[in-house]
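Protein chains in written order, with the numbering used here: chain A, 2 to 343; chain B, 2 to 343.
Idealized CB from N, CA, C, for every residue including glycine.
Below is one structure, written out as structure tokens; the observations come after it.
There are 2 protein chains.
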Amino acid sequence: MTDAGRKRPSTIHEVARLAGVSHTTVSRYLQDKDNLKPKTRLKVEYAVKALDYRPNLVARSMRTRRTNRLAIVLATGPHFPGRQLAAASEVAHQAGYQVEVVSVEGGPRARAARIDELARSGQVDGILAMSSIDLKVTKSLGVPLVRSESHDEKLRVLGDLAGAAEVREIVEHLSSLGHRTFLHVAGDQEYASARNRKSVYLETIERLGLHSFGVIDGDWSGQSGYDAIAALPAGCGVTAVVAANDVVAMGVIRGARDRGWEVPRDLSVFGWDDEDMGRFATPALSTVAVDREAQGRNAIARLLAEIRGEPAPEPSVHTVNRVIHRESTAPPPQADGRSEAQ
Amino acid sequence: MTDAGRKRPSTIHEVARLAGVSHTTVSRYLQDKDNLKPKTRLKVEYAVKALDYRPNLVARSMRTRRTNRLAIVLATGPHFPGRQLAAASEVAHQAGYQVEVVSVEGGPRARAARIDELARSGQVDGILAMSSIDLKVTKSLGVPLVRSESHDEKLRVLGDLAGAAEVREIVEHLSSLGHRTFLHVAGDQEYASARNRKSVYLETIERLGLHSFGVIDGDWSGQSGYDAIAALPAGCGVTAVVAANDVVAMGVIRGARDRGWEVPRDLSVFGWDDEDMGRFATPALSTVAVDREAQGRNAIARLLAEIRGEPAPEPSVHTVNRVIHRESTAPPPQADGRSEAQ
DNA sequence: AAATAAAAAGTGATCGATCCACTTCTGAGC
DNA sequence: GCTCAGAAGTGGATCGATCACTTTTTATTT
């Protein structure tokens with residue numbers, strides 16, 4: 002039934018024979034159509050079309066030692082960076098690269114090992130790591146490696162790490178509303194983004210002379226937010242919670258309600274990610290809108306630049322995170338400061 | 002600095018020379034280590050280790066005409082099937098395949114065209130389509146193609162289509178609570194799963210002699226749920242909403258609240274997907290837990306079976322969807338039937 | 001111990017493209 | 001009409017594996 006489809010694809014030699022030229026001429030045609038005499042070009046063009054010829058990319062790769070393929074390494078887990086991935090893969094395709102997505106079970110060492118294997122297999126021209134990896138294992142790979150959570154030369158944080166400014170803005174805003182005692186329910190500390198937000202949180206609390214009741218190391222889950230609130234001693238004085246993301250924030254809000262605390266009347270809660278659900282929740286979540294597509298695009302752009310040997314890949318699209326104030330934040334119960342409600 | 006890493010990787014011939022055997026013997030060692038004399042095997046083993054040899058997979062592919070690579074084709078859009086993808090890629094790796102993820106902009110025809118191109122490029126041994134594609138274009142590809150939303154030989158629905166039973170269960174349950182007038186806010190009708198749920202919804206309404214106030218064709222977004230409720234005429238009598246997914250359900254609930262209707266007092270709402278956020282929302286969302294990993298695993302298992310030429314790929318792990326009753330559903334305002342609250 | 005079968009190892013061709021070192025056109029200038 | 005530079009075209013080598021065959025070694029039987 003599918004015999005027609007299964008017939009062996011035609012080769013460059015068959016095209017050459019039909020066109021009455023040598024295989025080298027066909028090869029030239031494939032790489033640069035303008036470098037041929039118009040008459041010759043037409044003959045080849047016709048033969049290619051007649052035989053429905055497609056170059057065998059494996060054979061090409063073997064000879065050129067380039068595969069035109071990139072690998073993106075992810076961790077398996079609750080956080081699948083789908084939007085970044087889609088954007089990254091889009092940009093890569095436009096640049097003539099195919100994208101292989103490798104999601105690896107296990108920790109940073111397992112991922113580093115897989116990266117090593119990928120690099121040596123000769124199957125990819127470059128690797129983008131979208132999750133933390135063990136540095137030691139990845140010294141000299143032979144192919145460019147970009148880590149989406151690393152810094153650029155000017156120590157500007159990129160990709161996953163971006164967001165320090167937003168944490169500052171959140172804490173400062175809550176402080177201006179009159180909040181004095183904070184709680185941070187952090188994300189899985191294996192993630193650079195979680196570590197970064199945690200440290201910026203602590204730093205800002207310190208700088209503003211506020212009080213942090215503590216940092217709960219969570220795992221990005223709603224349950225971790227719920228449990229954090231459930232474990233809070235009565236009268237601890239916490240009036241504002243900075244959650245690792247919207248899901249955690251939702252758990253926090255539910256935990257509060259189940260203890261009889263209303264949000265935002267008794268407790269203000271900030272999320273992160275601007276998920277669609279949080280916008281329609283009650284109370285609607287105050288959060289940070291993250292341009293995930295830009296993250297993905299920038300990361301791939303950096304990788305492509307490194308592959309081409311270009312030195313400084315200035316992020317063409319600047320990642321813009323935006324703090325969004327909705328209903329889950331308000332002045333604390335007995336705000337003594339002048340309530341500068343937004 | 003990275004000179005050590007950039008040196009040309011060693012070949013099978015170098016290993017052979019160091020081991021004092023022929024390259025064929027090394028090749029044999031690579032495919033089946035047990036087929037060698039122990040003494041020879043040790044020599045080769047040593048040489049492989051000493052040179053840190055890794056076979057060049059491109060060269061291997063060229064000779065064997067197998068790439069050990071599968072492509073998974075996705076649509077770009079709000080629905081990124083991350084969990085299915087991760088599970089699928091995991092299973093594929095265990096079977097010795099690498100996975101290339103191709104997300105394609107545009108509609109079913111664009112995806113079909115890309116699939117055609119992939120198949121002919123000789124770069125993949127099989128293709129899994131995780132989104133709807135235009136059938137006509139994909140007649141004879143030359144490589145196996147599995148569509149995750151299609152049926153198996155026994156016409157049991159698989160993958161995305163699974164879920165008919167759950168829609169029935171939801172409507173029957175709501176009916177047993179006393180609801181008579183329903184609304185369905187459907188997902189993007191380009192998705193097979195959305196079409197399937199819609200038709201099962203209508204069929205069940207019909208079969209039970211209930212009344213459907215209508216079906217709103219949405220786009221999986223919270224806004225579409227919100228708008229559906231906002232557009233509802235007063236006194237339409239709708240007391241139960243079956244939403245396309247949890248996000249839509251959240252929009253519905255918010256829309257109801259903004260009209261002064263309380264959920265579940267005035268309106269019952271069912272979601273789909275069992276997202277973490279819905280569990281902690283207030284009211285907690287009644288929903289359907291979907292085993293996305295199983296979907297991904299099953300789809301890849303079918304593809305692998307087809308590649309191997311095995312005929313009947315019995316789904317080793319059966320997809321189990323589970324209807325979960327939480328706080329967003331209750332008897333209607335003036336339930337005249339016997340309220341059989343769960 | 002010789003005959004024979006079976007297992008192990010070696011030889012050279014092959015996959016389908018690109019690239020290198022040449023040879024053969026083409027056409028402008030005198 | 002001739003020369004000659006440069007463009008266009010050619011044949012064969014090459015990339016690094018596997019595979020079909022052939023040859024050598026080892027094991028088994030009589």
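For A/R309, the three-state secondary structure derived from DSSP is helix. Out of B/D259, B/A113, B/Q99, the CA that lies nearest to the CA of B/A229 is found in B/D259. A/V100: member of the beta strand (DSSP E) spanning 99–105, first to last residue. Contact between the segment 81–98 of chain B and the segment 26–44 of chain B is absent, with fewer than three C-beta pairs closer than 8 Å. Beta-bridge partners assigned by DSSP to A/T68: none are found. Straight across, the Cα-Cα distance linking A/V324 with B/E204 is about 45 Å. The three-state secondary structure of A/I217, taken from DSSP, is strand. Listed along chain A, the residues sitting closer than 8 Å to B/F81 by beta-carbon distance are F81, G83, R84, L86, A87. Nearest to B/Y192 by C-alpha distance, out of B/S62, B/H80, B/I13, B/P56, is B/H80.
Around the Cβ of B/P334, a 10 Å sphere holds fewer than 16 other Cβ atoms; the residue is exposed. B/S23 sits exposed, since fewer than 16 C-beta atoms from the chains shown fall within 10 Å of its C-beta. Residue environment: A/A331 is assigned as buried (16 or more neighbouring CB atoms within 10 Å of its CB, all protein chains considered).
Between the segment 110–121 of chain A and the segment 276–295 of chain A, the count of Cβ pairs shorter than 8 Å is below three; the stretches do not touch. Here B/A244 carries a strand assignment [DSSP, helix/strand/coil].
For a Cβ distance threshold of 7 Å, residue set S222, G223, V248 of chain B lies close to A/D277, ordered along the chain. Burial check for A/Y47: the Cβ neighbour count within 10 Å stays below 16, so the residue is exposed.
With 16 or more neighbouring CB atoms inside 10 Å of its own CB, A/N299 falls in the buried class. Neighbourhood of B/S133 in chain A, by CB distance below 7 Å: empty, with the nearest CB roughly 17 Å away.
Its Cα nearest to that of A/E294, the residue A/L86 stands out among A/R70, A/T77, A/E311, A/L86.
Chain A has a Cβ within less than 8 Å of the Cβ of B/L58. Residue contact with chain B for A/G123: present (Cβ-Cβ distance below 8 Å to some residue of chain B). The secondary-structure analysis by DSSP pairs A/S269 across a beta bridge with A/A241. According to the DSSP assignment, A/G83 belongs to the alpha helix (DSSP H) that extends over 83–95. One finds E101 in chain A with Cβ atoms closer than 7 Å to the Cβ of B/Q99, taken in chain order.
By the Cβ neighbour-count rule, A/T25 is exposed, with fewer than 16 other Cβ atoms within 10 Å of its own. Looking at the backbone, the Cα of B/E328 and that of A/G310 are separated by about 57 Å. At the C-beta level, A/A231 and A/G256 come within 8 Å of one another. Scanning its chain for C-beta atoms nearer than 6 Å, with the 5 sequence neighbours on each side dropped, one finds around A/L129 the residues I73, V147, A300, L304, in chain order. Taking a cut-off of 8 Å for Cβ pairs, the segment 164–173 of chain B and the segment 195–202 of chain B touch, as three or more such pairs fall below it. Around the C-beta of A/P39, fewer than 16 other C-beta atoms lie within 10 Å, and the residue is accordingly described as exposed. Cβ-Cβ separation between A/N322 and A/D277: approximately 17 Å, too far for a contact (criterion under 8 Å). In the three-state DSSP reduction, A/A195 falls in the helix class (H, G or I). Sequence-distant partners of A/H174 (beyond 5 residues in either direction) whose C-beta falls short of 8 Å from its own C-beta, in its chain, are V324, H326, T330, Q343. In this structure, A/H185 is the residue among A/L209, A/G164, A/G215, A/H185 with its C-alpha nearest to the C-alpha of A/V253. DSSP places B/G164 outside both helix and strand once states are collapsed to three, so it counts as coil.
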